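Residue numbering for the sequence shown follows our numbering, starting at 211 and increasing by one per position. Positions of the beta carbon are idealized from the N, C-alpha and C atoms, including for glycine. From a predicted model like this one, the values you see are computed outputs, not experimental measurements.
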Amino acid sequence: MGSAYKTKPGVRQSHFPGILCVVYFLVLLLMSGIHMGLITLINSRGWNDIVAIIIPTVYWALVAVGLTLYARWQIKRAYEEPMHRLAQATAKVAQGDFSVYVPPLHTADKLDYLDVMLLDFNTMVEELGSIETLKTDFFSNVSHEMKTPLAVIQNCAQLLQREDITEEKRREYTDSILQSTRKLSNLITNILKLNKLEKQTIRPVPERYDLCQQLCDCALQFEDAWENKELEFVSDMEDRVMVEADPGLLELVWTNLLSNAVKFTPAGGTITLTQTSDEKEVAVSVSDTGCGIDDETIRHIFDKFYQGDTSHSTEGNGLGLALVQRILQLSDGTITVKSRVGQGSTFTVRLPASIQREELNQ
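Rendered as structure tokens:
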């Protein structure tokens, strides 16, 4: 199996330049010429045999020492020093310091495989630092999300212990406890699902089914919700589209998008569910006439626990869209957002072209 660096164009496969071999050859050739000159000089002067032996021996000893020291310097500069720096950086990373950086030995236009290794190490450390930050933020957010409903449950339970509360208040406190327990249950369920999806312990099990029927069934789950808010629900779908996908995972996608649309659309607004398909892809859009999303929120909307509209934070935990995105990544799909503040939002899901359309008359 070839190394990854061999696939990168413009990367030299040898750390020592080829000119170095030429330099060694010319130096040895020059030294040989000087040797012949010394022999000629000794013979012309008629020096005795001892001198004739000692002088060339000392000469070649000096040449050997010089070449050895030069080779040692090249090895130290080219290999040992970078490896020592890499070892020191590795030790710091092992101790939890992810701010280390090992500079490459050459400029970007003269990289060799050792430079690529150092750059890959820097990238790895950067990714590890990001993961560590995400882990810290994750635990912080989970703790915060759990603390709020637990505080509500504790306060309501203490109030229920009072003997002077009315039946109306008792029902109100009970409803608050039930609502908080549901939120905790949903939070834990979503965390477990997202964790399994990210570790790929849950893998999509595609099967052929009618996507339009699934969309209708998911929409009907929110019928009471949109009627209570007097929302207008509009659907524009084909009669039937057969897809190859995991129906259980995609159901989570549609219910999350529809739930958000109902949650963020004010009373009297409109929710639109649109489905289209062609030879390349199938597209499903969920639009609303709600508060809309600003550009900063759109950039983070699929991050875990991110909630752009804090006025609705008690109704969710910020994991729904992260779950949606991960499911679509595993299903080779994509999701995009278009929104204008005060005018509403549109979430569009696109699935690959493994679609076979069927008309009702077939």
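Three-way DSSP call (helix, strand, coil) for residue i in this model
| i | result |
| --- | --- |
| D498 | strand |
| L548 | Going by the sequence as given, residue 548 is Lys instead of Leu. The answer is strand: DSSP assigns K548 an E or B state. |
| V233 | helix |
| L315 | coil |
| D322 | strand |
| M447 | coil |
| Q305 | coil |
| S521 | Any reading at S521 needs caution, since the residue's pLDDT is 44, under 50, leaving its predicted position unreliable; the model's value is listed next. Helix at S521. |
| E489 | coil |
| V453 | strand |
| Y215 | Residue confidence for Y215 is low, a pLDDT of 45 falling below 50, so the modelled location carries little weight; the figure read from the coordinates is stated next. Residue state, collapsed to three classes: helix. |
| G526 | Note that G526 has pLDDT 47, beneath the 50 cutoff, so the model's placement of it is unreliable and no number is given. |
N- and C-terminal bounds of the beta strand (DSSP E) containing residue i
| i | result |
| --- | --- |
| S555 | G554 to L561 |
| L441 | Looking at the DSSP string, L441 is not in any beta strand (DSSP E), and its letter there is neither H nor E. |
| D420 | E417 to D420 |
Assigned exposure category for residue i - 16 Cβ within 10 Å defines buried
| i | result |
| --- | --- |
| Y234 | exposed |
| D319 | exposed |
| A471 | buried |
| C366 | buried |
| N253 | exposed |
| L251 | exposed |
| D325 | buried |
| I257 | Checking the sequence, you will find Trp at residue 257 rather than Ile. So W257 ends up on the exposed side. |
| I375 | exposed |
| D504 | exposed |
| G500 | buried |
| R255 | exposed |
| G530 | buried |
| Y289 | exposed |
| D498 | buried |
| D542 | exposed |
| S309 | exposed |
| V551 | exposed |
| G306 | exposed |
| G247 | exposed |
| R536 | buried |
| I229 | exposed |
| D488 | exposed |
Enclosing alpha helix (DSSP H) for residue i [first to last residue]
| i | result |
| --- | --- |
| T475 | First-last for T475: undefined, no H or E at that position. |
| E506 | D505 to H510 |
| Y269 | D259 to I285 |
| I375 | Looking at the DSSP string, I375 is not in any alpha helix (DSSP H), and its letter there is neither H nor E. |
| V534 | G530 to L540 |
Test: residue i CB closer than 9 Å to a CB of chain C
| i | result |
| --- | --- |
| T546 | In the displayed structure, chain C is absent; only one protein chain is listed. |
Query raised in the report: Do the stretch 273–283 and the stretch 297–315 meet, that is, are 3 or more Cβ pairs less than 8 Å apart?
Result: Cβ pair count under 8 Å is below three, so no.
Query - Any 3 or more C-beta pairs closer than 8 Å across the stretch 434–449 and the stretch 473–491 - result: yes
Query raised in the report: Just checking, does the stretch 499–516 make contact with the stretch 534–553 on the three C-beta pairs under 8 Å criterion?
Result: With the cut-off at 8 Å, the stretch 499–516 and the stretch 534–553 touch.
Query raised in the report: At a cut of 8 Å, does the stretch 415–422 reach the stretch 379–392 through at least three beta carbon pairs?
Result: no
Query raised in the report: Counting pairs of Cβ atoms below 8 Å between the stretch 419–430 and the stretch 457–469, do you hit three or more?
Result: yes
Query raised in the report: Contact between the stretch 328–336 and the stretch 296–307: three or more CB pairs below 8 Å?
Result: yes
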